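2 protein chains.
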Amino acid sequence: MTQTVAGATDRTVARSFFDRHRDTLDRALTAIRERDYWSHYPEVPSGQIYGETANDDGRAAFEAYRGHAFPLVQPGTRGEVGAERSPFGFGLDIRYPGADLDVLLRSMLAALPAWRSAGAESRAGVCLEILERLNRRSFEMGHAVMHTTGQPFVMAFQAGGPHAQDRGLEAVAYAFAEMTRHAGRADWEKPQGKREPLRLSKTFRIVPRGLALVIGCNTFPTWNSYPGLFASLVTGNPVVVKPHRRAVLPLAITVAVAREVLAETGFDPNVVCLAVEGEDERLAPVLATRPEVRIVDFTGSSEFGQWLEQNARQALVYTEKSGVNSIVIDSTDDFEAMARNIGFSLSLYSGQMCTAPQNLLVPRDGISVGGERWTLEQVEEGLGGAVDQLLGDPARAVEVTGSIVNDGVLDRLERAPGLGRVVLGSRVIEHPQFPEATVRTPTLIAVDAADRQAYGREQFGPISFVVATDSTAHSLEILRTTALERGAITAAVYSTDDAVLVSAEEAAADAGVALSCNLTGNIWVNQSAAFSDFHATGANPAANACLTDGAFVADRFRIIESRRPTAPPIRSN
Amino acid sequence: MTQTVAGATDRTVARSFFDRHRDTLDRALTAIRERDYWSHYPEVPSGQIYGETANDDGRAAFEAYRGHAFPLVQPGTRGEVGAERSPFGFGLDIRYPGADLDVLLRSMLAALPAWRSAGAESRAGVCLEILERLNRRSFEMGHAVMHTTGQPFVMAFQAGGPHAQDRGLEAVAYAFAEMTRHAGRADWEKPQGKREPLRLSKTFRIVPRGLALVIGCNTFPTWNSYPGLFASLVTGNPVVVKPHRRAVLPLAITVAVAREVLAETGFDPNVVCLAVEGEDERLAPVLATRPEVRIVDFTGSSEFGQWLEQNARQALVYTEKSGVNSIVIDSTDDFEAMARNIGFSLSLYSGQMCTAPQNLLVPRDGISVGGERWTLEQVEEGLGGAVDQLLGDPARAVEVTGSIVNDGVLDRLERAPGLGRVVLGSRVIEHPQFPEATVRTPTLIAVDAADRQAYGREQFGPISFVVATDSTAHSLEILRTTALERGAITAAVYSTDDAVLVSAEEAAADAGVALSCNLTGNIWVNQSAAFSDFHATGANPAANACLTDGAFVADRFRIIESRRPTAPPIRSN
Numbered sequence: 194m195t196q197t198v199a200g201a202t203d204r205t206v207a208r209s210f211f212d213r214h215r216d217t218l219d220r221a222l223t224a225i226r227e228r229d230y231w232s233h234y235p236e237v238p239s240g241q242i243y244g245e246t247a248n249d250d251g252r253a254a255f256e257a258y259r260g261h262a263f264p265l266v267q268p269g270t271r272g273e274v275g276a277e278r279s280p281f282g283f284g285l286d287i288r289y290p291g292a293d294l295d296v297l298l299r300s301m302l303a304a305l306p307a308w309r310s311a312g313a314e315s316r317a318g319v320c321l322e323i324l325e326r327l328n329r330r331s332f333e334m335g336h337a338v339m340h341t342t343g344q345p346f347v348m349a350f351q352a353g354g355p356h357a358q359d360r361g362l363e364a365v366a367y368a369f370a371e372m373t374r375h376a377g378r379a380d381w382e383k384p385q386g387k388r389e390p391l392r393l394s395k396t397f398r399i400v401p402r403g404l405a406l407v408i409g410c411n412t413f414p415t416w417n418s419y420p421g422l423f424a425s426l427v428t429g430n431p432v433v434v435k436p437h438r439r440a441v442l443p444l445a446i447t448v449a450v451a452r453e454v455l456a457e458t459g460f461d462p463n464v465v466c467l468a469v470e471g472e473d474e475r476l477a478p479v480l481a482t483r484p485e486v487r488i489v490d491f492t493g494s495s496e497f498g499q500w501l502e503q504n505a506r507q508a509l510v511y512t513e514k515s516g517v518n519s520i521v522i523d524s525t526d527d528f529e530a531m532a533r534n535i536g537f538s539l540s541l542y543s544g545q546m547c548t549a550p551q552n553l554l555v556p557r558d559g560i561s562v563g564g565e566r567w568t569l570e571q572v573e574e575g576l577g578g579a580v581d582q583l584l585g586d587p588a589r590a591v592e593v594t595g596s597i598v599n600d601g602v603l604d605r606l607e608r609a610p611g612l613g614r615v616v617l618g619s620r621v622i623e624h625p626q627f628p629e630a631t632v633r634t635p636t637l638i639a640v641d642a643a644d645r646q647a648y649g650r651e652q653f654g655p656i657s658f659v660v661a662t663d664s665t666a667h668s669l670e671i672l673r674t675t676a677l678e679r680g681a682i683t684a685a686v687y688s689t690d691d692a693v694l695v696s697a698e699e700a701a702a703d704a705g706v707a708l709s710c711n712l713t714g715n716i717w718v719n720q721s722a723a724f725s726d727f728h729a730t731g732a733n734p735a736a737n738a739c740l741t742d743g744a745f746v747a748d749r750f751r752i753i754e755s756r757r758p759t760a761p762p763i764r765s766n
Numbered sequence: 194m195t196q197t198v199a200g201a202t203d204r205t206v207a208r209s210f211f212d213r214h215r216d217t218l219d220r221a222l223t224a225i226r227e228r229d230y231w232s233h234y235p236e237v238p239s240g241q242i243y244g245e246t247a248n249d250d251g252r253a254a255f256e257a258y259r260g261h262a263f264p265l266v267q268p269g270t271r272g273e274v275g276a277e278r279s280p281f282g283f284g285l286d287i288r289y290p291g292a293d294l295d296v297l298l299r300s301m302l303a304a305l306p307a308w309r310s311a312g313a314e315s316r317a318g319v320c321l322e323i324l325e326r327l328n329r330r331s332f333e334m335g336h337a338v339m340h341t342t343g344q345p346f347v348m349a350f351q352a353g354g355p356h357a358q359d360r361g362l363e364a365v366a367y368a369f370a371e372m373t374r375h376a377g378r379a380d381w382e383k384p385q386g387k388r389e390p391l392r393l394s395k396t397f398r399i400v401p402r403g404l405a406l407v408i409g410c411n412t413f414p415t416w417n418s419y420p421g422l423f424a425s426l427v428t429g430n431p432v433v434v435k436p437h438r439r440a441v442l443p444l445a446i447t448v449a450v451a452r453e454v455l456a457e458t459g460f461d462p463n464v465v466c467l468a469v470e471g472e473d474e475r476l477a478p479v480l481a482t483r484p485e486v487r488i489v490d491f492t493g494s495s496e497f498g499q500w501l502e503q504n505a506r507q508a509l510v511y512t513e514k515s516g517v518n519s520i521v522i523d524s525t526d527d528f529e530a531m532a533r534n535i536g537f538s539l540s541l542y543s544g545q546m547c548t549a550p551q552n553l554l555v556p557r558d559g560i561s562v563g564g565e566r567w568t569l570e571q572v573e574e575g576l577g578g579a580v581d582q583l584l585g586d587p588a589r590a591v592e593v594t595g596s597i598v599n600d601g602v603l604d605r606l607e608r609a610p611g612l613g614r615v616v617l618g619s620r621v622i623e624h625p626q627f628p629e630a631t632v633r634t635p636t637l638i639a640v641d642a643a644d645r646q647a648y649g650r651e652q653f654g655p656i657s658f659v660v661a662t663d664s665t666a667h668s669l670e671i672l673r674t675t676a677l678e679r680g681a682i683t684a685a686v687y688s689t690d691d692a693v694l695v696s697a698e699e700a701a702a703d704a705g706v707a708l709s710c711n712l713t714g715n716i717w718v719n720q721s722a723a724f725s726d727f728h729a730t731g732a733n734p735a736a737n738a739c740l741t742d743g744a745f746v747a748d749r750f751r752i753i754e755s756r757r758p759t760a761p762p763i764r765s766n
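Protein chains in written order, with this note's numbering: chain X, 194 to 766; chain D, 194 to 766.
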């Protein structure tokens, strides 16, 4: 009955990590309350911040993985798997341990009691140290993310490195706040009139759900995985990470770093494990329905997300799926700035983001630009022109678009002209550095609001629509209904009319989607900043949870109370 | 697109309620953090507290309902339903409006936007005023609960009145804390080196899930319903209350009070509605699977609770079902005090509580009492004797046991002797005041640990087992496994050995059940105090949620963000 706990020395190490990172955690706790701008991990890929040799070291570390077995020793290893190819046109040839799930999960369950008993502070200390070490390896991670997702390097560095780490820290902060919102113990004393009061000593213990599973996606392997990974981990649940078969390396590095820190602090490294599937395996449905797995975090297709929600009934299931994001264009004082902003949102990572806009909703009788009437055709041309201008120079263009992540996106793009009238065709660009990369510029298709079949479902990738609507009210109604039917993670509106902005806010509240109003300059609808912006809402089919709020963390542990009479013992009267 | 909101005057009233109850809310917010003893609504049914005529007025109010149509005017009323009988032996003959669900739910949806827009403080003001008015009617509620559940009056007053109100206030406090944990707006300013910083103004809006359904139970119609009712309501979700067909009146009074306060504050009273089923109807499965219903709170059978979890997939489902509660008896220094405490727990409301102990786990070679060895038979006799002594005087006995709530419990009790060796038989007691009441004393059945068929599932009502085990370690293992297999809401241990108490705490943590150690005197394992004890844990099959923690409230609303450039508008460079 008595459980193994980490020895005193080891716990001292975990505790010292907590002390070392205490200020960071406190600052993060303030940030999630105030939601002003804050970031802990520097987003600029600069040698002055990360060390003069950081970029070269990172690239060298990435190159050293290629063609070798990834250095990860886990229980239940059975053969080798892995067949990643860089979307920039070469094989990675990295081999990962195949998993005997029975042995792996048994080892993880054995690691649970000591991790549970370690307490919130020690676990937070370990998590923050893992994040800190991941941060130091952000260049390595940038190359790993680039060559598994097709993101351009700067984006891969930022989204895969510091931004993902910020999201991880945010999850640790939420979960820590939740675990410590109640006193750990209480002396309960109930008055009894003239008699002695009743007295009980109570303790409240944080108990994890069980094992947690994180299912990574192809496009944002770390950014979308870290919130669930760190939320489950810090609340006491050992985590098995199942990466997308095409984006294993970033999560393999993550797991290796976690296991290194766990081992140093005297915990069983099997508190965090990796499960990579072979080419013919599908591990996610198997793992997600194992009785030991009590929490699942998933990012990926709506189809499999819904399958998980329906079938992984023994677990809490947090899903981020897909959606149809809209921009309502009503009026503007600065068309050029608007078009440039939208054009960048369409082009960034070739629209392969769950936050990228798809439908640009424009009244068919045009919009007001600085008080002047512009026709729908002028609006279409202006938007197409902004994309063209942004992506005119191939060398600069590829640093915005990156590469197409997989053939599914390419097929869809090739079929896109059949969906309507082509306003802007997709172009092939040769990547100056990686001639085998699949670089494509976005296409813009004009359709009528009645052509719901074309624009009313997700067309993941660089495919967007200019949808001709009856009016801005009609545009808002389409925003609302597509979000409620198909999900949406972002929405935007451009208008110089305050009443329209208010109506847009009501439509967004109905649709359960976050709204960006009149964005110009260097802030884009597809960006969400940790500690300030909530990513997804859980209020429409695009996601059943939000990164990150109280609901995302509060159910990952339970509180088990023990109470006993306070000495001197209470006797019956 | 623009929504109706309560007029300025009306919102002023709601706001004044918030101001009036602000101190109460603040104190409750402190209590849920510190978890020391605190209660807002006085539990003593005394004229000095509630007014000299309160008892008579309450009884008169109850009597006035009998034989009449309950005064509740709702949309979509279709005929009259209701056939409650007091377990104390008479018909109530109260008629309630039957419900046309299409009309009812449509009216509730129409009430949603203004309730959503009112904001957390106005909604909290309304909820706290409802609770305050319910408190003033605690005697009336006591009689209503007594004559629908079979509880003795003092218990009905306390559990149905102030204790339920405390649980409602607790839920309001948790939800209020959750809604206000983030700033409502933020000025986000991201430095850009030497360039102008990026600046966004952000607002974060609390948006409810939709309609909420509360399904009441027969035995604790208010205590078990108020947490879900008030948690959903204060977070902006209109609530339809579906009482158990045998315990309608307490929730009809509750809904009437809520509608009165809503109307006074200018909100649509349809924010809270009642749905009573006819004798041949089953409204719960119909309501729980309506697309408009996005939250379900249920207390009742495991069978229907599991059905809801499986089938009400469009909603968040919070269930409290049933379980098998154990007491591990290892050793004691004061057998008499222990036996008296356990005996009271078995007898209170004839064991018809989800928190009542069922299995008393005792090593077959006996226990140590004050250092002396007592045989299993001595333990059995001592426990039986304590019950006999407590319930020796019929007039006092009925104030402990109340009446059997329904024929299902009676049937089970009559079959109980077949389950093992009868240590203590159930006796029939004639109620001095209500000769038609069905009063029964508890039965105690001796079984062997191998007879899992008998004691390993819930025997709801005054049926308990002395289970002969191999050892205390074996007892703890049975506690653990029955809780994990069948659920458990309470657990207790008696031991003079600290190592046993520590082992019991580990077993309870594994089993996800709250533990009471060495209770004697006037604190019983089946009692849980609002603001300090967590009721159920959500960590075993007895319940998927806990009353009340952050997880119980955090998902009932979502946060919808809107962001726009801060003036002066950001221009592209």
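Beta carbons: idealized from backbone N, C-alpha and C, even for Gly. All of these numbers come straight from a predicted model, not from anything done at the bench.
query = Checking contacts by CB at 9 Å: is Y190(X) closer than that to chain D?
reply = For residue 190(X) there is no data in the structure shown, the boundaries of chain X being 194 and 766.
inquiry  = Just to check my reading of the structure: P420(D) and A364(D) have Cβ atoms closer than 8 Å, yes? What is that Cβ distance to the nearest angstrom?
reply    = Counting from 1 along the second sequence, the entry for residue 420(D) is found at position 227. Counting from 1 along the second sequence, the entry for residue 364(D) is found at position 171. Contact holds; Cβ gap of about 4 Å.
request  = Check whether the Cβ atoms of I362(X) and A221(X) sit closer than 9 Å, and answer yes or no.
outcome  = Here residue 362(X) corresponds to residue number 169 of the first sequence, with the count starting at 1. Here residue 221(X) corresponds to residue number 28 of the first sequence, with the count starting at 1. In the sequence as presented, Ile is not what sits at residue 362(X); that position holds Leu. In contact: L362(X) and A221(X) (Cβ atoms closer than 9 Å).
message = Does the CB of W381(X) have a neighbour CB from chain D at under 9 Å?
response = Position 188 of the first sequence, counted from the first residue, corresponds to residue 381(X). It does: the Cβ of W381(X) has a partner Cβ on chain D nearer than 9 Å.
request  = Return the first residue and the last residue of the alpha helix (DSSP H) that D188(D) is part of.
outcome  = This structure cannot speak to residue 188(D), because chain D is shown only from 194 to 766.
When S688(X), I671(X), A337(X) are compared against E564(X), the one with the closest alpha-carbon = The sequence position of residue 564(X) within the first sequence is 371, counting from 1. Correcting the residue type first, residue 564(X) is Gly in the shown sequence and not Glu. Among S688(X), I671(X), A337(X), the Cα nearest to that of G564(X) belongs to S688(X).
ask   = Any Cβ of chain D within less than 9 Å of the Cβ of L583(X)?
value = Position 390 of the first sequence, counting from 1, holds the residue named residue 583(X). No, its Cβ sits nowhere closer than 9 Å to a Cβ of chain D.
task = For T759(D), name the three-state secondary structure that DSSP assigns.
result = On the second sequence, position 566 is the one that residue 759(D) refers to. Coil at T759(D), not helix or strand.
Run of the alpha helix (DSSP H) containing N504(X), from where it starts to where it stops = Residue 504(X) sits at position 311 when you count from the first residue of the first sequence. Annotation for N504(X): the continuous alpha helix (DSSP H) segment containing it runs 495 to 504.
key: Helix, strand or coil at Q385(D) [DSSP, three-state]   = Locating residue 385(D) in the second sequence gives position 192, where the first residue counts as 1. When DSSP states are grouped into helix, strand and coil, Q385(D) belongs to the strand group.
query = Are the segment 411 to 425 of chain D and the segment 375 to 390 of chain D touching, with three or more C-beta to C-beta distances below 8 Å?
reply = No, the segment 411 to 425 of chain D is not in contact with the segment 375 to 390 of chain D.
query = Roughly how far, in whole angstroms, is the beta-carbon of V660(D) from the beta-carbon of V510(D), given that I think they are within contact range, below 8 Å?
reply = Here residue 660(D) corresponds to residue number 467 of the second sequence, with the count starting at 1. Here residue 510(D) corresponds to residue number 317 of the second sequence, with the count starting at 1. That pair is no contact at about 33 Å.
task = Mind checking which residues open and close the alpha helix (DSSP H) that includes N518(X)?
result = Reading the first sequence from its first residue, position 325 is the one you call residue 518(X). Taken as a continuous stretch (DSSP letters only), N518(X) belongs to no alpha helix (DSSP H), as it is neither H nor E.
request  = Could you tell me which chain D residues have their CB closer than 8 Å to the CB of T482(X), listed as they occur along the chain?
outcome  = As a first step, residue 482(X) must be located in the first sequence, where it is residue number 289. Residues of chain D passing the Cβ test: none, with the nearest at roughly 15 Å.
query = Thinking C-beta only, is F727(D) closer than 9 Å to E754(X)?
reply = Locating residue 754(X) in the first sequence gives position 561, counting from the first residue. Locating residue 727(D) in the second sequence gives position 534, counting from the first residue. Cβ distance < 9 Å, so E754(X) and F727(D) count as in contact.
ask   = Cβ of Q196(D) less than 9 Å from any chain X Cβ?
value = Sequence index remark: in the second sequence, residue 196(D) carries index 3 (1-based). Its pLDDT being 37, under 50, Q196(D) is placed unreliably by the model, and nothing is read from it.
message = 9 Å is my cut-off, CB to CB: does P758(X) come that close to chain D?
response = Translated into positions along the first sequence, residue 758(X) becomes position 565. Interface residue, yes.
task = Would you mind telling me which residues of chain C sit closer than 8 Å to I752(D), beta carbon to beta carbon, in chain order?
result = No chain C appears in this structure, whose protein chains are X and D.
query = Using the beta-carbon of each residue, which ones in chain X are nearer than 9 Å to N248(D)?
reply = As a first step, residue 248(D) is located in the second sequence; it is residue number 55 there, counting from the start. In chain order: nothing, as chain X lies at least about 19 Å away.
request  = Could you please tell me which residues of the segment 227 to 246 of chain X, in chain order, have their CB closer than 7 Å to any CB of chain D?
outcome  = Residues of the segment 227 to 246 of chain X with a C-beta less than 7 Å from any C-beta of chain D: E227, R228, D229, Y230, listed in chain order.
query = Going straight from the alpha carbon of A311(X) to that of T730(D), what length do you get?
reply = For the purposes of this step, residue 311(X) is taken as the residue at position 118 of the first sequence. For the purposes of this step, residue 730(D) is taken as the residue at position 537 of the second sequence. Going by C-alpha positions, A311(X) is about 21 Å away from T730(D).
ask   = Quick one: what's got a C-beta closer than 7 Å to P443(X)'s C-beta in the same chain, skipping five residues either side?
value = Residue 443(X) sits at position 250 when you count from the first residue of the first sequence. M334, A337, V338, T341, G353, P414, T415, listed in sequence order.
key: Under 7 Å by beta carbon: chain X residues contacting D359(D)   = Within the second sequence, residue 359(D) is the residue found at index 166, counting from 1. Residues of chain X passing the Cβ test: none, with the nearest at roughly 13 Å.
key: Close-in-space but distant-in-sequence residues of the same chain around P734(X) (CB under 8 Å, 5 per side omitted)   = Position 541 of the first sequence holds residue 734(X). Answer for P734(X): S495, K514, G516, L677, E678, R679, G680, listed in chain order.
inquiry  = Whole angstroms are fine: how far does the CA of E457(D) sit from the CA of F423(D)?
reply    = As a position in the second sequence, residue 423(D) is number 230, starting the count at 1. As a position in the second sequence, residue 457(D) is number 264, starting the count at 1. Their backbone Cα atoms lie some 18 Å apart in a straight line.
key: Beta carbon proximity, S209(X) to chain D, threshold 9 Å   = Counting from one through the first sequence, the residue named residue 209(X) turns up at place 16. For S209(X), not one C-beta of chain D is nearer than 9 Å to its own C-beta.
task = Examine chain X for any beta-carbon lying closer than 9 Å to the beta-carbon of P384(D), and answer yes or no.
result = Walking along the second sequence from the start, residue 384(D) turns up at place 191. Closer than 9 Å to some Cβ of chain X, the Cβ of P384(D) qualifies, so yes.
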